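These protein sequence lines map, in sequence, to chains A and B.
Each residue of the first sequence is one higher than the one before, counting from -17 in my numbering.
Each residue of the second sequence is one higher than the one before, counting from -17 in my numbering.
Written below as structure tokens is the structure these notes are about.
Number of protein chains: 2
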Amino acid sequence: MTARVRVFVVDDHALFRSGVKAEIGDAVEIVGDVGSVDEAIIAIRATKPDVVLLDVHLPNGGGRAILEGLASDLPDTKCLALSVSDAADDVIGVIRAGARGYVTKTITREELLDAIRRVHAGDAVFSPRLAGFVLDAFAGSVPVTSDPDMDRLTQREQEVLRLIARGYTYKEVAGRIHVSVKTVETHVSSVLRKLQLSNRHELTAWATDRRLL
Amino acid sequence: MTARVRVFVVDDHALFRSGVKAEIGDAVEIVGDVGSVDEAIIAIRATKPDVVLLDVHLPNGGGRAILEGLASDLPDTKCLALSVSDAADDVIGVIRAGARGYVTKTITREELLDAIRRVHAGDAVFSPRLAGFVLDAFAGSVPVTSDPDMDRLTQREQEVLRLIARGYTYKEVAGRIHVSVKTVETHVSSVLRKLQLSNRHELTAWATDRRLL
DNA sequence: GCCGCCATCGGGGATGACCCTGGTTGATCC
DNA sequence: GGATCAACCAGGGTCATCCCCGATGGCGGC
């Protein structure tokens, strides 16, 4: 560790930024810290830090807005998300936007320093429990079929549901499973009633939500 | 570590399997080891190990074939890929198929034991350098898109598009933007024509695809 | 043997979706 | 001043969607 890693801190709580500086300022070089999305994009472009510690929840778009604002302008600047949240959506969203790691604020000083060094070295760092979210989302992993709602549908109803949700008309579904349009209507009715939906658009949304397509 | 982790080893080189058993057999319980895809699927179903050490390159489909063969039958069995290859395609392929980690064979005994324990605990484990591949593929799988297609739509058309894609009826859209149903029809027609779509279902799919909702 | 559930099919009807051919207004550009 | 375009609106038609009422035959439980 000849040259200290140059770190930039983005968090809307000044107290938290002070804390970070006090805790790790001796081990890394804090080149700047701001509390808003707009300031962050400008200052990060200017200082070109090695690593950005990025709060996920910020006014005006959060950490994702910064990642998207920077786009891929700074290939040598890695972003490490640092958040109180361990919600899957937050993790996946910020990783999708380009963060190279995600750790929660419960992290210790040593763990944070290690995470910063590893991200700087090109590795990806996660609080262990969070990595699973990313893998699940990535594997497109879905199936885990135990769907109580889905189980209440008959085989035929599930078949029709899938086709309808993909946007086929009743006529097309009828042709595809070789029954009359009227039969398809009956099945769709049953599906809508059982799932307490009111039309095929809600059905599409329902299916998309569960990744049944 | 009261009960030892039950580990199954799949690798087409018997010598390597012997090596693994000799190295870590004292710290974990090796419940079986085989050298082919077919044997692996049968034996893993039978022994229900906690963790499967899985070689990526095997005759007849490799580690992916085993992951797909097991599907999600064994939710409590985690697979850790163990390979000589550090090629991005290998890493991504096997993770997509459902592996919970990927380490190279250059790993030390202690690191391997740690990886096994962490995978067993539900974490995801990577040789540091490889994690980047997964993130790249994941982030890259969704282009952030500034939309040339979208730009060809007028302001009003985009507004209508968003509402239609969310499943609102023409009447509801009309009420929401305070114009007549006929006007909505006109806008929808223009949108469908400009985007070369044939109905509102395709429009929903189009919008979902670009995450405009 | 009756009852319930499933899959199949039908008539009729109300409403929605989509297309076509029109029209008016206002802003902008040359 | 004419051309162009966005935004607005209308009539009329076809087909899709979704609901109401049925019906039949099969299959399994009690």
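Glycine included, each C-beta is placed from N, C-alpha and C at the ideal position.
Treat the numbers as computed from the prediction; the structure is a model and nothing was measured.
When DSSP states are grouped into helix, strand and coil, L179(A) belongs to the coil group. Of all residues in the region 27 to 49 of chain A, none comes within less than 7 Å of chain B when Cβ atoms are compared. Pairwise C-beta distances place the region 73 to 80 of chain A out of contact with the region 93 to 104 of chain A, as fewer than three of them are shorter than 8 Å.
Contact between V(-13)(A) and V33(A) holds, since their C-beta atoms are separated by about 6 Å, short of 8 Å. When beta bridges are read from the DSSP output, R(-12)(A) appears opposite E11(A). The contact set of E184(B) on chain A, defined by CB atoms closer than 9 Å, consists of G149 in chain order. Within the same chain, Cβ atoms closer than 8 Å to the Cβ of A97(B) are found at L62, G83, V85, I89 and V107, the five residues on either side in sequence being excluded.
Interface residue (Cβ-Cβ distance to chain B less than 8 Å): T88(A) is not classified as such. Taking the C-beta atoms as reference points, L56(B) is found no nearer than 8 Å to D37(B). Sequence-distant partners of K30(A) (beyond 5 residues in either direction) whose C-beta falls short of 7 Å from its own C-beta, in its chain, are L56 and T59. The bridge partners DSSP lists for F108(B) are Y84(B).
For A(-15)(B), no chain A residue has a C-beta closer than 7 Å to its own C-beta; the minimum C-beta separation is roughly 21 Å. Neighbours of A187(B) in chain A, taken as residues whose beta carbon is under 7 Å from its own, are G149 in chain order. Cβ-Cβ distances below 6 Å link V163(A) to Y152, K153 and A156 in the same chain, with the five nearest sequence neighbours on each side left out; the list follows chain order.
Judged by DSSP secondary structure, D20(A) falls within the alpha helix (DSSP H) whose first and last residues are V19 to T29. Taking the CA atoms as reference points, D20(A) sits about 24 Å from V10(A). Going by DSSP, S65(B) is part of the beta strand (DSSP E) stretching over K60 to S65. For V33(A), the secondary structure class from DSSP, reduced to helix, strand or coil, is strand. Distance from the CA atom of I23(A) to the CA atom of F(-10)(A), rounded to whole angstroms, is 11 Å. For T190(A), the residues of chain B that pass the 7 Å Cβ criterion are T190, in the order they occur in the chain. Taking a 10 Å sphere around the C-beta of H(-5)(A), we find fewer than 16 other C-beta atoms and assign the residue as exposed.
In the three-state DSSP reduction, V161(B) falls in the coil class, being neither helix nor strand. In the assembly as shown, R(-1)(B) is a buried residue. Its beta-carbon has 16 or more other beta-carbons within 10 Å. D191(A) and V142(A) have their alpha carbons spaced roughly 17 Å apart.
With a 10 Å radius around the Cβ and a threshold of 16 neighbouring Cβ atoms, V170(A) comes out buried.
V170(B) sits in a helix when the DSSP states are folded into three classes.
Distances from the alpha-carbon of R148(B) to those of T186(A), S172(A), I159(A) and R148(A) put T186(A) closest. Linking L95(A) to P41(B) through their CA atoms gives a straight-line distance of about 43 Å. The beta carbon of D(-7)(B) lies closer than 6 Å to those of R(-1) and D37 in the same chain, with the five residues before and after it left out. Under the DSSP assignment, R99(B) falls in the alpha helix (DSSP H) whose first and last residues are R91 to H102.
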